[in-house]
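The block underneath contains the structure these notes are about, expressed in structure tokens.
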Amino acid sequence: RPVGSGRSGEPDKVRCSHLLVKHSQSRRPSSWREENITRSKEEALDLIQSEDGERQFDNLQASQFSNCSSASNGGELALFNRGSTHKQQGL
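30 is the number that the UniProt record's numbering gives to position 30 of the sequence shown; each next residue is one higher, with no gaps.
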């Protein structure tokens, strides 16, 4: 989510959240939440997709299902300066 406004009209900071739902074929199918993850990849996708097939994110989902330790914060990671993250993250 954009925060603030830089000179170019784009936000100068971006608030990032993370939802990580592991499945049995994940590289490490375990986490702080589940010692042995047995859900299928399809079941993991069902947890993060709405009925119309779109991926969705909300803090409640992160709190309930995320295997990332950020789940305790509703998936909130941090504020990042635009351009300070990996290109894959698109910030």
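All C-beta atoms in this analysis are idealised placements derived from N, C-alpha and C, irrespective of residue type, glycine included. This structure is a prediction, so every number in the text was calculated from the model and none was measured.
Local conformation of residue i per DSSP, three classes
{"i": "L45", "result": "helix"}
{"i": "L60", "result": "helix"}
{"i": "L77", "result": "strand"}
{"i": "S17", "result": "strand"}
{"i": "S40", "result": "coil"}
{"i": "S24", "result": "coil"}
{"i": "S30", "result": "coil"}
{"i": "L91", "result": "Legend: pLDDT at L91 = 48, less than 50; position of this residue unreliable, value from coordinates given subsequently. It is coil, neither helix nor strand."}
{"i": "S66", "result": "coil"}
Residue i burial status per 10 Å Cβ neighbour count (16 or more: buried)
{"i": "G83", "result": "exposed"}
{"i": "R27", "result": "exposed"}
Beta-carbon proximity check, residue i vs residue j, cutoff 8 Å
{"i": "G75", "j": "S17", "result": "yes"}
{"i": "I48", "j": "L19", "result": "yes"}
{"i": "V14", "j": "F65", "result": "no"}
Residues near residue i by beta carbon distance below 8 Å, same chain, minus five either side
{"i": "S69", "result": "W32"}
{"i": "N67", "result": "L20, V21, K22, S31, W32, R33, E34, I37"}
{"i": "N59", "result": "S17, G74, G75, E76"}
Own chain residues within Cβ distance below 7 Å of residue i, not counting five before or after
{"i": "S40", "result": "H23, S24"}
{"i": "S63", "result": "A71, G74"}
Same chain only: Cβ atoms within 6 Å of residue i, ignoring 5 sequence neighbours per side
{"i": "I42", "result": "Reading off the sequence, residue 42 comes out as Glu, not Ile. Counting only Cβ-Cβ distances below 6 Å, and skipping sequence neighbours, we find nothing."}
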